[in-house]
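The structure appears below as structure tokens.
Number of protein chains: 2
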Amino acid sequence: MTGSEIRRSMPLFPIGIVMQLTELTARQIRYYEEHQLITPARTDTNRRLYSLNDIDKLLEIKDLIDQGVNMAGIKQLFTVKEQQALDENELQKQDEKVRRDLSDDDLRKLLRKEFMQAGRFTRSSMRQGDMSRFFH
Amino acid sequence: MTGSEIRRSMPLFPIGIVMQLTELTARQIRYYEEHQLITPARTDTNRRLYSLNDIDKLLEIKDLIDQGVNMAGIKQLFTVKEQQALDENELQKQDEKVRRDLSDDDLRKLLRKEFMQAGRFTRSSMRQGDMSRFFH
DNA sequence: AACCAAATGTTATATTTTATAACATAAAAA
DNA sequence: TTTTTATGTTATAAAATATAACATTTGGTT
């Protein structure tokens, strides 16, 4: 994990600050947590502490809600994006490896990965219908 | 003012977080404020809010105190460094101007500024003796 | 040694913030 | 129309913060 990723995931902000930064109410922020869209850390005295990543997510949530997406939709979007990020990371690592040492076997693996990547968003990982509102 | 400077001066952190990040007690942090080494913002309900800059300063203070510097010394160091930063900014702006349009007059001004800069730390702005412990 | 001031600790009290939970409500979905 | 979803509102308890006063420690002075 890189340094900036560590900093971005460091639990720093109490809910009051997060309210200001996101212009969400405490009720909303806790509700989104209840629906597992974020999982802030806790102090040893049970106070929630949010990271920069959490705040980014909350801003994304706010945006999506404005666009009419519900909790389930947002959750799906997050898992898809998470998967994408992992795939892209994997692709990049593969690319680097290829640049160092390109074997037939690696090439096959790489192509398979990129194929999977290209096929994203056509099926899988989202149950059909849920996201149909995006494609009309 | 640049974007990063704005972010670094944004009041974000309540004192509890600052205590963790700096490993200073609330008493110490407030004491340094009492001596005008930092001036955190206040919420409309009188809670202190510290910026990243404040936190950096507190870490510097901690370091200097470990080295035996007292409040007055730290204050002097801060004003000197502040002045330095302003001078450097000024120098840079002059440099840029020169690159665009170098007149004899500007050249004279620039040289005078750089001369001043070189002579820093020999006298002035610190009363002799206060900082002598640094130069033995 | 006795003293003094600087830096920090400790304690008490009042206010503010946060957590949890329950009930209320408006808008969207079924 | 009835349900569900997202959010508001209210009450209560616990934690965090502000202020101020007094206590303690420590290094330097006399």
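As given, the protein sequences belong to chains A and B, one line each in that order.
Sequential numbering of the first sequence, starting at 4, is according to my numbering.
Sequential numbering of the second sequence, starting at 4, is according to my numbering.
Ideal Cβ positions, reconstructed from N, Cα and C, are used throughout, including at glycine.
No experiment lies behind these values; they were computed from the predicted model shown.
Does the beta-carbon distance from Ser54 of chain B to Met13 of chain B come in below 9 angstroms?
In contact: Ser54 of chain B and Met13 of chain B (Cβ atoms closer than 9 angstroms).
So which residues of chain B does Pro17 of chain A contact, with C-beta pairs closer than 7 angstroms?
Pro17
Taking 9 angstroms as the CB-CB cut-off, is Leu24 of chain B touching chain A?
yes
Name the DSSP beta bridge partners of Phe81 of chain B, please?
None; Phe81 of chain B has no bridge partner.
Determine the direct distance from the alpha carbon of Pro43 of chain A to that of Gly6 of chain A, and round the result to whole angstroms.
20 angstroms
Which residues in chain B sit within 9 angstroms of Ile9 of chain A, going by Cβ to Cβ distance?
Correct list: empty, because the minimum Cβ distance to chain B is about 14 angstroms.
Could you give the DSSP three-state label for Arg45 of chain A: helix, strand or coil?
strand
Can you tell which of B:Leu94, B:Ile64, B:Thr46 and B:Lys78 has its C-alpha closest to the C-alpha of Glu26 of chain B?
B:Ile64
Tyr34 of chain A: buried (16+ other C-beta within 10 angstroms of its C-beta) or exposed?
exposed
Based on Cα-Cα distance, which residue from B:Thr46, B:His38 and B:Gln95 lies nearest to Gln79 of chain B?
Nearest of B:Thr46, B:His38 and B:Gln95 to Gln79 of chain B, Cα basis: B:His38.
Taking all protein chains shown into account, decide if Leu89 of chain A is buried (16 or more other Cβ within 10 angstroms of its Cβ) or exposed.
exposed
Mind listing the chain B neighbours of Ile20 of chain A? Cutoff is C-beta to C-beta under 7 angstroms, in chain order.
Leu15
Apart from the five residues just before and just after Arg50 of chain B, which ones in its own chain have a Cβ nearer than 7 angstroms to its Cβ?
Pro17
Taking 7 angstroms as the limit between beta carbons, can you name the residues of its chain near Glu36 of chain A, skipping five residues before and five after?
Thr42 and Pro43
If you draw a straight line from the C-alpha of Arg11 of chain A to the C-alpha of Asp66 of chain A, how long is it?
Their backbone Cα atoms lie some 20 angstroms apart in a straight line.
Sort A:Lys84, A:Leu62, A:Asp98 and A:Asn92 by Cα distance to Met4 of chain A and report the nearest one.
A:Asn92
Considering Tyr35 of chain A, what are the terminal residues of the alpha helix (DSSP H) in which it resides?
First-last of the alpha helix (DSSP H) with Tyr35 of chain A: Ala29 to Glu37.
In whole angstroms, what is the alpha-carbon distance linking Leu40 of chain A and Gln31 of chain A?
11 angstroms
Measure the Cβ-Cβ separation of Leu52 of chain A and Leu15 of chain B and say whether it is below 9 angstroms.
no
Hey, how far is the Cα of Glu8 of chain A from the Cα of Asn56 of chain A?
Approximately 9 angstroms between the Cα atoms of the pair.
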